[in-house]
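Worksheet for the structure shown next.
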Ligand code: PRP
Ligand code: URA
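Residue numbers (the numbering used here): 29 to 267.
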């Protein structure tokens, strides 16, 4: 089956047999592989399992989050345009390829900050914008409290938020970014829920989602199951 591990495809499919965190009971054809990419690298799985572990303390959680964000970002930028440049090695002239355009990274505060350093280390020239959103605990709707975006027109934007739960925050952030007329928007997260993916697909079918896992469902408080708890609290030690 395309997308299954072991067939040479680098992505796991969203498949009932994906393991304890897999999306049980839903066929892999639920999601178009062009829209949802589940990064199934063994290192990503290893890091995610440690992140999920309730006994992982904030300092370790931060390190793991950054490493996993690196792995997911690699996939998210796989199709970015490059251009040829002439360079000289110590031995002779040659040509190589470099990224054609400057990237923009937009972490959703707070938890998205746990992914930002991975992107700024990969791309020191990246322009960074911030969107502050906090879910209302009762309605689960995102409340906006901050927004500062750089010029995004004609640029490729990575929206960073580790948790795609109801999808309210991700959809709101993508809508805000799109107002600036970017070339593309990609949503980079760590754990996603089917509910959040459905909302993103409904509101932003042009925004591909890159995630380390698609989990089973949300609980009645909007937390992802099995998930990893409250990412922001675990990242910043505010539990
Ligand atoms: C978390 C998470 C997402 C949002 C996901 O943020 O970082 O932004 O919830 O939920 P949704 O898909 O249902 O909108 P939270 O509101 O807890 O704020 P924080 O990052 O400051 O902890
Ligand atoms: N936000 C989190 O941090 N975790 C969840 O499971 C859902 C939303």
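For glycine and all other residues, C-beta sits at the position ideal for the given N, C-alpha and C.
Beta-carbon proximity list for residue i, same chain, < 6 angstroms, skipping 5 on both sides
| i | result |
| --- | --- |
| residue 75 | 92, 95, 96 |
| residue 103 | 65, 67, 238 |
| residue 114 | 123 |
Neighbour-count burial assignment, residue i, 16 or more Cβ in a 10 Å radius
| i | result |
| --- | --- |
| residue 212 | exposed |
| residue 267 | exposed |
| residue 210 | buried |
| residue 236 | buried |
| residue 110 | exposed |
Where residue i sits in the DSSP three-state scheme
| i | result |
| --- | --- |
| residue 166 | coil |
| residue 160 | strand |
| residue 122 | strand |
| residue 86 | helix |
| residue 141 | helix |
| residue 211 | coil |
| residue 178 | coil |
| residue 69 | coil |
| residue 238 | strand |
| residue 152 | coil |
Presumed contact (8 angstroms Cβ cut-off) between residue i and residue j, rounded CB distance
| i | j | result |
| --- | --- | --- |
| residue 216 | residue 143 | 7 angstroms |
| residue 132 | residue 154 | 7 angstroms |
| residue 225 | residue 59 | 7 angstroms |
| residue 221 | residue 246 | 5 angstroms |
| residue 158 | residue 173 | With a Cβ gap of about 11 angstroms, residue 158 and residue 173 do not count as contacting. |
| residue 98 | residue 146 | 4 angstroms |
| residue 186 | residue 214 | 5 angstroms |
Close beta carbons around residue i, own chain, < 7 angstroms, minus the five adjacent residues each side
| i | result |
| --- | --- |
| residue 89 | 79, 262, 263 |
Test: residue i CB closer than 8 angstroms to a CB of chain B
| i | result |
| --- | --- |
| residue 150 | Of the chains in the structure shown, none is chain B; there is only one protein chain. |
Check whether residue i and residue j have beta carbons under 8 angstroms apart
| i | j | result |
| --- | --- | --- |
| residue 218 | residue 199 | no |
| residue 228 | residue 169 | no |
| residue 269 | residue 171 | In the structure displayed, the chain extends from 29 to 267; residue 269 sits before or after that span and is not available. |
Cβ-based neighbour list, residue i, same chain, cut-off 8 angstroms, excluding 5 preceding and 5 following
| i | result |
| --- | --- |
| residue 112 | 123, 124, 125 |
| residue 72 | 96, 99, 100, 240 |
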